[in-house]
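**Student:** Going line by line, the protein sequences match chains P and Z.
Just so we're aligned, residue 30 is where the first sequence starts under our numbering, counting upward by one.
Just so we're aligned, residue 1359 is where the second sequence starts under our numbering, counting upward by one.
Ideal Cβ positions, reconstructed from N, Cα and C, are used throughout, including at glycine.
Questions regarding the structure given below will be posed in turn.
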Amino acid sequence: MRKTAKRNPGRQEPTAGTQLGTNLRRASPFLTVFVLLLLWQWVSAREIISHILVPPPAEVYRAFIKAMAAGTLPKHALVTLEEMLYGLLIGLGIGLVIGYAIAKAPLLENILSPVIVGFQSTPIVAYAPLLVIWFGSGLASKVVTTAVIVFFPMLVNTIVGIRSVSPKLRDLLRSLKAGRWQTFRHLEIPSALPVVLAGLKTSATLAVIGAVVGEFVSQGSGLGFLVTSARNLYDTPLVFVAVLTMTAISLTLYGLVAYVEWRFLFWQRRSNR
Amino acid sequence: MRLSLRELSISFPNPVGDMLPALGPISFDVAEEEFVCVVGPTGCGKSSLIRALAGLLRPTAGSARYGDETIDNPMDRFAIMFQDASLMPWRTVLDNIALPLEIAGLPRDLRYDRVRALLSQLHLEQFERAYPAELSGGMAQRVALGRVIVQQPRVLLLDEPFGALDALTREKLSLELLRLRQRYMQTIVMVTHDISEAVFLADRVIVLSRRPGRLVADIAVDLTRPRAPDLIYEKPFLQLTRRVRAEIEDLGT
């Protein structure tokens, strides 16, 4: 094994044992979900908890089919998805730009940190109504709540990422007379990418919170609205459907970022040690 | 062209704002194509000296000049190499060595051709597509050496380039450095803490004092070139290393 690795760098043949281990590791998240579903089925079959509080999976499934057929679920899910994506893009963009600026000019951090930390430490649920007053009850206010909530992890991780660039490599690029853009492209982006993508993972899962908070505050449409209206009708299965849809959207986004990470940070996996 | 230091000194501010002298004032010259090793106790400002010559650090007083140009920014055809290989972990060996050419704006085919021509001399042909994490310390340093040579520098600045390697690898790389130098013939200033390495490689060994480092001895190494590994057992070599060692021991502890 050692010898082949040496002769053929970066190309280790997987053995039967590691293959099984890898498969098991890949399957384990799905196993967790499966076990949870079994548990849920078991709890509702024995009626340990009332069906009004926790409906059985089959009932939730029926509610899902009904909401799909009626078009309510796709409609509301798309609304939430749209809010999330715009919010993510805006919050991400602003977080990256301000984060980079702060990393480069520490004075900016002193100037901006009261505002930024203040925003972050105030519960968004508390000032979301204000945002609705300012930005109206339509798409804009939800995009803003999402942007605000995804902004912070992006900001912090961009600052950390850019500041973690190796000073030796900075010296090297200076000695090569690299311009600002070249340093940015060849050194800062790839150095900061792992940390920035970790931030994006957090942001991707927070995005749905931002959108739904906005929808709770100003009613009309979206999965948050679906939850409130179903709750008012004591339609618990539909509440479950809406909530699980949020989970699914969130997980999908997370998975996308994880894929991007896997694709672009291949060099981190290359270590033999 | 001659590399010359004139009353060069470097100080760093401490947290309270006082300037603490780290190096000099120091003056010496390095002739064209001369190989000078600088030795001295830790913290004597050796690295600051290299950084000043590389134009990465402005001297607090005095100056470093190359020909009649004052070095206050990185110079054309100066290349620097550090103690750790400082490779980019996201680039292959090939792309790490090609980095200087890429920064200089050479098209891809041209820079790959030039790097590939160099790879065999560095015994790295089989590793061109490997990533730094897959390399041993010695190999990583070979790649760093390649990244320096590919720039075809006139002046090579080496900051303890083999300091982190084991003795055998260090010896091998030293020989390789001499071989590459014979081929491309550059001026070299190298900082090291290894006395026999300094004597083995250099035309002149400069001994620095404790912090702030000043020149305490400038010893010519009149051993013939090319130098063979067996040299280190011969009398002239041993006499020279003893002389350098004596100078360093005179500094006290």
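Which same chain residues end up closer than 7 Å to residue 1480 of chain Z when comparing Cβ atoms and leaving out the 5 residues on each side of it in sequence?
**Tutor:** Closer than 7 Å at Cβ, skipping near neighbours: 1500, 1503 and 1504.
**Student:** Would you say residue 1548 of chain Z lies against chain P (beta-carbon separation less than 8 Å)?
**Tutor:** So, not an interface residue.
**Student:** Which residues bound the alpha helix (DSSP H) around residue 1379 of chain Z?
**Tutor:** Unbroken run through residue 1379 of chain Z is the beta strand (DSSP E), 1377-1388; no alpha helix (DSSP H).
**Student:** My output table needs one value for residue 1443 of chain Z: the three-state DSSP class, helix, strand or coil.
**Tutor:** DSSP places residue 1443 of chain Z in coil when its eight states are reduced to three.
**Student:** Identify, in the order they occur along the chain, each residue of the same chain with its Cβ nearer than 6 Å to the Cβ of residue 158 of chain P, setting aside the five sequence neighbours on each side.
**Tutor:** The residues are 246.
**Student:** Answer with buried or exposed for residue 1403 of chain Z, where buried requires no fewer than 16 other C-beta atoms within 10 angstroms of its C-beta.
**Tutor:** Buried, since its Cβ has 16 or more Cβ neighbours within 10 Å.
**Student:** For the beta strand (DSSP E) that contains residue 1545 of chain Z, what are its first and last residues?
**Tutor:** Taken as a continuous stretch (DSSP letters only), the beta strand (DSSP E) holding residue 1545 of chain Z covers 1545-1549.
**Student:** Just to confirm, are residue 1469 of chain Z and residue 1456 of chain Z a CB contact at a threshold of 8 Å?
**Tutor:** Yes, Cβ-Cβ distance for residue 1469 of chain Z and residue 1456 of chain Z is below 8 Å.
**Student:** Nearest to residue 181 of chain P by CA position, among P:50, P:286, P:295 and P:229, is which residue?
**Tutor:** Looking at the Cα atoms, P:229 is the closest of the given residues.
**Student:** Which chain Z residues are close to residue 219 of chain P, counting only those with a beta carbon under 9 Å from its beta carbon?
**Tutor:** 1446, 1447, 1448 and 1449, listed in chain order.
**Student:** When we look at the beta-carbon of residue 1367 of chain Z and count the other beta-carbons within 10 Å, is it buried (16 or more) or exposed?
**Tutor:** Residue 1367 of chain Z is buried by the Cβ-count criterion.
**Student:** Does chain P have any CB closer than 8 Å to the CB of residue 1414 of chain Z?
**Tutor:** Output row for residue 1414 of chain Z: interface = yes.
**Student:** Can you grab the Cα-Cα spacing for the pair residue 80 of chain P / residue 73 of chain P, in whole Å?
**Tutor:** Approximately 7 Å, taken between the alpha carbons.
**Student:** Mind listing the chain P neighbours of residue 1432 of chain Z? Cutoff is C-beta to C-beta under 8 Å, in chain order.
**Tutor:** Here the neighbours are 203, 204, 205 and 206.
**Student:** Whether or not the stretch 1569-1585 of chain Z and the stretch 1383-1398 of chain Z are in contact is what I'm after, with contact meaning three or more pairs of Cβ atoms, one per stretch, closer than 8 Å; do they touch?
**Tutor:** Verdict: yes, contact present.
**Student:** Near residue 1596 of chain Z, what residues of its chain come up, given a Cβ to Cβ distance below 6 Å and the 5 sequence neighbours on each side ignored?
**Tutor:** Once the five neighbours on either side are set aside, residue 1596 of chain Z has no close Cβ partner at all.
**Student:** Among residues of its own chain, excluding the 5 on either side of residue 1606 of chain Z, which ones have a beta-carbon nearer than 8 Å to its beta-carbon?
**Tutor:** Taken in chain order, the residues that qualify are 1397, 1398, 1399, 1553 and 1565.
**Student:** Check each residue of the stretch 187-198 of chain P: if its Cβ is closer than 7 Å to any Cβ of chain Z, include it; give the result in chain order.
**Tutor:** Listed by position, the residues of the stretch 187-198 of chain P near chain Z (Cβ gap below 7 Å) are 195, 197 and 198.
**Student:** Between the beta-carbon of residue 1438 of chain Z and the beta-carbon of residue 1387 of chain Z, is there less than 8 Å?
**Tutor:** No, Cβ-Cβ distance for residue 1438 of chain Z and residue 1387 of chain Z is not below 8 Å.
**Student:** Just to confirm, is the Cβ distance from residue 1377 of chain Z to residue 1425 of chain Z under 8 Å?
**Tutor:** Cβ distance not < 8 Å, so residue 1377 of chain Z and residue 1425 of chain Z don't count as in contact.
**Student:** Quick check on this structure: which residue in P:201, P:250, P:47 and P:191 has the alpha carbon closest to the alpha carbon of residue 135 of chain P?
**Tutor:** If we check each option's Cα against that of residue 135 of chain P, P:191 comes out closest.
**Student:** Please report the residue range of the beta strand (DSSP E) in which residue 1368 of chain Z lies.
**Tutor:** Counting along the chain, the beta strand (DSSP E) containing residue 1368 of chain Z begins and ends at 1361-1371.
**Student:** Strictly below 8 Å CB to CB, what residues from chain P border residue 1442 of chain Z?
**Tutor:** Correct list: 197.
**Student:** Could you tell me if residue 133 of chain P is buried or exposed, where buried requires 16 or more neighbouring beta carbons within 10 angstroms of its beta carbon?
**Tutor:** Looking at its Cβ environment, which holds fewer than 16 other Cβ atoms inside 10 Å, residue 133 of chain P is exposed.
**Student:** How many angstroms separate the CA atom of residue 1445 of chain Z from the CA atom of residue 1582 of chain Z?
**Tutor:** Between residue 1445 of chain Z and residue 1582 of chain Z, the C-alpha separation is close to 35 Å.
**Student:** Report yes or no: is there a C-beta of chain P within less than 8 Å of the C-beta of residue 1465 of chain Z?
**Tutor:** Judged by the 8 Å Cβ criterion, residue 1465 of chain Z is not in contact with chain P.
**Student:** How is the beta strand (DSSP E) around residue 1419 of chain Z delimited, first residue to last?
**Tutor:** Here the beta strand (DSSP E) through residue 1419 of chain Z covers 1419-1424.
**Student:** Give a yes or no on whether the C-beta atoms belonging to residue 1486 of chain Z and residue 1450 of chain Z are separated by under 8 Å.
**Tutor:** In this structure, residue 1450 of chain Z lies closer than 8 Å to residue 1486 of chain Z by Cβ.
**Student:** Using a beta-carbon distance cut-off of less than 8 Å, what residues from the stretch 235-264 of chain P approach chain Z?
**Tutor:** Here the close residues number zero.
**Student:** Using a Cβ-Cβ cut-off of 6 Å (strictly less than) and excluding sequence neighbours within five positions of residue 33 of chain P, which residues of its own chain qualify?
**Tutor:** Low local confidence applies: a pLDDT of 40 at residue 33 of chain P is under 50, so the model's placement there is unreliable, with the coordinate-based value given in what follows. Around residue 33 of chain P: no qualifying Cβ.
**Student:** Please classify residue 325 of chain P: does DSSP put it in a helix, a strand, or coil?
**Tutor:** Residue 325 of chain P falls outside the range modelled here, since chain P spans only 30 to 302, and no answer is possible.
**Student:** Anything in chain Z within Cβ reach of residue 211 of chain P, meaning under 7 Å, just list it in chain order.
**Tutor:** By Cβ distance, chain Z contributes 1461.
**Student:** On the premise that residue 164 of chain P lies in contact with residue 173 of chain P, defined as a C-beta separation below 8 Å, what is that separation, rounded to the nearest angstrom?
**Tutor:** Indeed, because the Cβ distance is near 5 Å, the residues count as touching under 8 Å.
**Student:** Which chain P residues sit within Cβ distance under 7 Å of residue 1370 of chain Z?
**Tutor:** Simply none; closest approach about 15 Å.
**Student:** What first and last residue would you give for the beta strand (DSSP E) that runs through residue 1342 of chain Z?
**Tutor:** Since the first residue shown for chain Z is 1359 and the last is 1611, residue 1342 of chain Z is missing from the structure and cannot be characterised.
**Student:** Kindly list the residues whose CB is nearer than 7 Å to the CB of residue 166 of chain P, restricted to its own chain and excluding five residues on each side of it in sequence; keep chain order.
**Tutor:** For residue 166 of chain P, where only same-chain residues beyond five positions count, the Cβ hits under 7 Å are 247 and 249.
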